[in-house]
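First the structure, in the form of structure tokens, and then the observations on it.
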Amino acid sequence: MERETRPDVPLGRRMPQASTRIVVADRNVITRVGLRSILERNPGFAVIAEATSYDAVIDAVDEHGPDILIIDLDLGDDTTRGLKVVEEITERYSSTKVLVLANTLSEMIVVEALRRGANGYLCKDDVKADELGKGVKAIQEGDTVLGKGVSSLVAHSLGSQRSQIEHLTDREVDVIKYIAKGLSNKQIAAAMFISESTVKFHLQNASKKLGAHRRAEIVHRAAAAGLL
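Using our numbering, the letters of the sequence shown map in sequence onto residues 191 to 418.
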């Protein structure tokens, strides 16, 4: 498959001779040096930039157009900001894949990172050097990579969500079906002969049960569960 090019990024900085161009984001210099050393043992791998802050991550990806971003979400003791960066990268730079390399495992953080577009999640203490290289290659080829213990966390979360989805009321499902058709809350209220505030009530309940906040995401999760 032909690689998506970034004509706005200088060729010298893009290192076009490398088959896998990587940006490493971690505030610990020893970790960054170690990752560079491990990654560049793989033929064709090149760490083209490093970042130590959330803003620097965005700047590095924008400037260099990497194939892979390897990021520790806690660049500034603000995991929420790290998750937002992951979402921004995946929305603005579709050709850049994101691999989260974390210090610890948290079900909520793992699920949120994947929901926001991360292509992989590994734990620093559990991943071996050769596994990191294989993981990067797999992500570049379009796979999702989950490290030791991560898969079980994701499976547990999906099981919990499935239980919640099964408890959606008929009214909540009806509202979601109308949303899928592109109707506004006012139009849904008219179609269902209920008030607009009641539509919002059903929508809020469905949002909580599905663990989704955006209308499109609510529809997607309901469809995935076979409700639409």
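Where is the CB? At the ideal position from N, CA and C, for every residue including glycine.
Practice prompt. With Phe391 as the anchor, note down where its alpha helix (DSSP H) starts and where it stops.
Written response: Glu386 to Leu400
Practice prompt. Grab me the residues of Ile212's own chain with a C-beta within less than 8 Å of its C-beta, minus the 5 sequence neighbours each way, in chain order.
Written response: Leu229, Phe235, Ala236, Val237, Ile238, Pro256, Asp257, Ile258, Leu259, Ile260 and Val326
Discussion item. Check for me: the beta strand (DSSP E) holding Glu240 runs from which residue to which?
Written reply: Phe235 to Ala241
Item to complete: Pull up the distance between the alpha-carbon of Ala328 and that of Val389, whole angstroms please.
Response: 43 Å
Worksheet entry | Rounded C-alpha distance that separates Gln377 from Thr269 | Gln377 and Thr269: Cα-Cα distance of roughly 38 Å.
Item to complete: Sort Leu291, Tyr368, Val276 and Glu386 by Cα distance to Thr221 and report the nearest one.
Response: Leu291
Item to complete: Report all residues from its chain with a CB closer than 8 Å to the CB of Ile299; omit the five preceding and five following residues, and keep chain order.
Response: Only Leu263, Thr269, Leu273 and Ala292 meet the Cβ criterion.
Practice prompt. Using three-state DSSP, classify Tyr283 as helix, strand or coil.
Written response: coil
Worksheet item: When the Cα atoms are used, what is the spatial distance from Val223 to Ser374?
Response: 52 Å
Discussion item. Please report the straight-line C-alpha distance between Val409 and Ile366, rounded to a whole angstrom.
Written reply: For the pair Val409 and Ile366, the Cα-to-Cα distance works out to about 6 Å.
Worksheet entry | Cα-Cα separation between Ala402 and Arg411, rounded to whole angstroms | 8 Å
Discussion item. Under DSSP, the alpha helix (DSSP H) around Val300 begins and ends at which residues?
Written reply: Glu297 to Arg305
Discussion item. Helix, strand or coil for Leu273? Go by DSSP, reduced to three states.
Written reply: helix
Item to complete: Identify which residue in Val251, Leu336 and Arg405 has its Cα closest to the Cα of Lys314.
Response: Leu336
Discussion item. With distance defined between alpha-carbon atoms, name the residue in Asp249, Ser243 and Ile279 nearest to Asp421.
Written reply: One cannot answer for residue 421 here, as it falls past the ends of the chain, which runs 191 to 418.
Discussion item. Along the chain, where does the beta strand (DSSP E) containing Gly310 start, and where does it finish?
Written reply: Gly310 to Cys313
Worksheet entry | Buried or exposed (CB count within 10 angstroms, at least 16 for buried), Thr334 | exposed
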